[in-house]
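Its first residue numbered 19, the sequence shown is counted upward by one per residue in the numbering used here.
Glycine included, each C-beta is placed from N, C-alpha and C at the ideal position.
Here is the structure we will look at, set down as structure tokens.
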Amino acid sequence: MFLTLKKESIRKGLNFTSGMVNSWNKFCFQGGYLEARVSLPGKGNVAGYWPAIWTLGNLGRAGFGSTVDGLWPYSYNTCDSSVLPNQANPYLSKLPGQRLNACVCKGDHPSPGIGRGAPEIDMFEATVEYGGVPSLSMSYQVAPFDFHSKFKKKYTKIFNPGQRIPGQTKYNMYLGDDMQQTLSALHYVDSSVSGGREYQVYGFEYEPGPDGYIQWYADGIPVWRVDAKSVGPNEISRVSQRVIPEEPMYIIMNLGISENFGAIDMDNLEFPASLYIDYVRLYQHPKRIKLSCDPPDRPTAKYILNHPRAYFNRNYTTWKETGYGLPKYDFSGCKK
């Protein structure tokens, strides 16, 4: 399969056409090892393409902005002030507040008393650095935030540290913005893994929950690892444990172009250009098979069907526009 980016317009003001393939509400999983064998677009040494394979919680539908409003990239199951807009502190974030938080005990919530969200794990987002050096951003996006988005680095590990040499990895200086905290490393690859000439296998393994982890791989070799303790309680920002995603996650593959991700060398980019995907595979422990988009511990189906304006009309970009309103809650907690 290949996703092709073309320099052609099908709508006024939009100068490029590309594609996305995703498994939203059809194929989801909780835990396991996901990998893909790919060849990056172009010659591999020109900046501007934005290929990515990533995963998102099923309550957020990619391309339907209202569904992720107040859910992305929350992975939080605690009832405290961090579920409020801005985490109750405008200097911490610009988050809208966790819409389906653990303080909601009844009403319009898929599983009252449990914090829900649309967390994100990126297998990779590829870019090309200055000098024509390609790298992959392998990331975990999370909310609510640590103070200054500084995670506990001692609970992470880079297996082959270095930079600008294929096979080496360094911490990404980008820690997120006012809407997301990012735990990310940059893994360097050879420019030959592009244009369908050469392929490489990338993947990540994760164990959901407050004691879980995420570990990224390239050709079966560990790249870097994030343990849940890296986003544990933070007294400064008054945030509790963020959890390694427990939501049913679905797969997204896309090829884009945007100055929001990196520099664009328009003079040297070639069009059309394609992200080549040989295969995508998921492996799970035979005693821990979890492949539903509507699992009993994190249901989504009824909630999606009860909110058709959000989940089936891409023109709504915020939850407020849909007219559904927000569930009420307080901080007294829910009786189990």
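List the endpoints of the continuous alpha helix (DSSP H) containing residue i.
{"i": "residue 337", "result": "337 to 340"}
{"i": "residue 329", "result": "326 to 330"}
{"i": "residue 295", "result": "No alpha helix (DSSP H) holds residue 295; the beta strand (DSSP E) holding it covers 291 to 301."}
{"i": "residue 321", "result": "319 to 323"}
{"i": "residue 84", "result": "83 to 86"}
Return the chain-ordered list of same chain residues with a C-beta closer than 7 Å to the C-beta of residue i, the five sequence neighbours on each side being excluded.
{"i": "residue 282", "result": "65, 66 and 275"}
{"i": "residue 244", "result": "158, 174, 201, 231 and 232"}
{"i": "residue 210", "result": "62 and 216"}
Can you find the residues in the same chain that come closer than 8 Å, C-beta to C-beta, to residue i, ignoring five residues on each side of it along the sequence?
{"i": "residue 334", "result": "82, 83, 84, 327, 328 and 340"}
Applying the 10 Å Cβ sphere with the 16-neighbour rule, what's the burial state of residue i?
{"i": "residue 94", "result": "buried"}
{"i": "residue 181", "result": "exposed"}
{"i": "residue 140", "result": "buried"}
{"i": "residue 111", "result": "buried"}
{"i": "residue 137", "result": "buried"}
{"i": "residue 32", "result": "exposed"}
{"i": "residue 316", "result": "buried"}
{"i": "residue 238", "result": "exposed"}
{"i": "residue 75", "result": "buried"}
{"i": "residue 336", "result": "exposed"}
Have a look at the DSSP bridge pairing and note the partners of residue i.
{"i": "residue 73", "result": "139 and 269"}
{"i": "residue 287", "result": "Partner(s): none; residue 287 has no beta bridge."}
{"i": "residue 253", "result": "Bridge partners of residue 253: none, in fact."}
{"i": "residue 35", "result": "24"}
{"i": "residue 212", "result": "58"}
{"i": "residue 179", "result": "187"}
In terms of alpha-carbon separation, which member of the options lies closest to residue i?
{"i": "residue 192", "options": "223, 162 and 155", "result": "155"}
{"i": "residue 160", "options": "261, 304, 320 and 55", "result": "261"}
{"i": "residue 87", "options": "114, 277, 280 and 73", "result": "114"}
{"i": "residue 34", "options": "209, 203, 336 and 290", "result": "290"}
{"i": "residue 42", "options": "226, 270 and 280", "result": "270"}
{"i": "residue 187", "options": "39, 250, 241 and 30", "result": "241"}
{"i": "residue 196", "options": "148, 158 and 105", "result": "105"}
{"i": "residue 273", "options": "30, 19 and 36", "result": "36"}
{"i": "residue 70", "options": "40, 253 and 98", "result": "40"}
{"i": "residue 351", "options": "171, 99, 145 and 247", "result": "99"}
{"i": "residue 235", "options": "246, 227, 206 and 252", "result": "206"}
{"i": "residue 263", "options": "91, 23, 26 and 24", "result": "91"}
{"i": "residue 257", "options": "184, 102 and 59", "result": "102"}
{"i": "residue 135", "options": "118, 125 and 127", "result": "118"}
Starting from residue i, trace the beta strand (DSSP E) in both directions and tell me its first and last residue.
{"i": "residue 187", "result": "187 to 189"}
{"i": "residue 205", "result": "198 to 206"}
{"i": "residue 236", "result": "231 to 236"}
{"i": "residue 54", "result": "50 to 57"}
{"i": "residue 225", "result": "218 to 225"}
{"i": "residue 355", "result": "Here the chain covers residues 19 to 354 and nothing more, so residue 355 does not appear."}
{"i": "residue 153", "result": "151 to 160"}
{"i": "residue 40", "result": "38 to 40"}
{"i": "residue 176", "result": "174 to 176"}
So, at 6 Å on beta carbons, what are the nonlocal neighbours of residue i in its own chain, with the 5 sequence-adjacent residues on each side left out?
{"i": "residue 286", "result": "64"}
{"i": "residue 319", "result": "312"}
{"i": "residue 22", "result": "290 and 292"}
Taking 8 Å as the threshold (beta carbon to beta carbon), is residue i in contact with chain C?
{"i": "residue 337", "result": "Note that chain C does not occur in the displayed structure, where there is just one protein chain."}
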